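Taking the numbering used here, the leading residue of the sequence shown gets 4, the next gets one more, and so forth.
For each residue, glycine too, the CB sits at the ideal point set by N, CA and C.
Just so we're clear, the structure is a prediction, and the values are computed from it rather than from any experiment.
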Amino acid sequence: MKGFFKFVAFSAIAAFCLLLAVVASDHGPWYFAWLLGTMMIILLSVAGGVMFETQFAEKKELASRQKENKA
Numbered sequence: 004m005k006g007f008f009k010f011v012a013f014s015a016i017a018a019f020c021l022l023l024a025v026v027a028s029d030h031g032p033w034y035f036a037w038l039l040g041t042m043m044i045i046l047l048s049v050a051g052g053v054m055f056e057t058q059f060a061e062k063k064e065l066a067s068r069q070k071e072n073k074a
């Protein structure tokens, strides 16, 4: 039964993609570029946030190690 639901879900996604392609018609490349650009901005923002959090955690860990070494 799980396989049937996957099939129905993917069929619905495929139908939506076909509908989007028909509606977009000759504006398709512009919409594709817009979606791709939006995804890239989001991914770069998330990557920047992850790097910031990692650097913050490393600084905090380094500071706690230095306190332990002084004690």
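Which residues mark the beginning and the end of the alpha helix (DSSP H) in which residue i is found?
i, result
"M4", "Element bounds for M4: n/a, residue is neither H nor E."
"S67", "G31 to K73"
Cα separation between residue i and residue j?
i, j, result
"A50", "E56", "10 Å"
"M54", "I44", "15 Å"
"M42", "H30", "19 Å"
"F13", "F59", "41 Å"
"L22", "S28", "10 Å"
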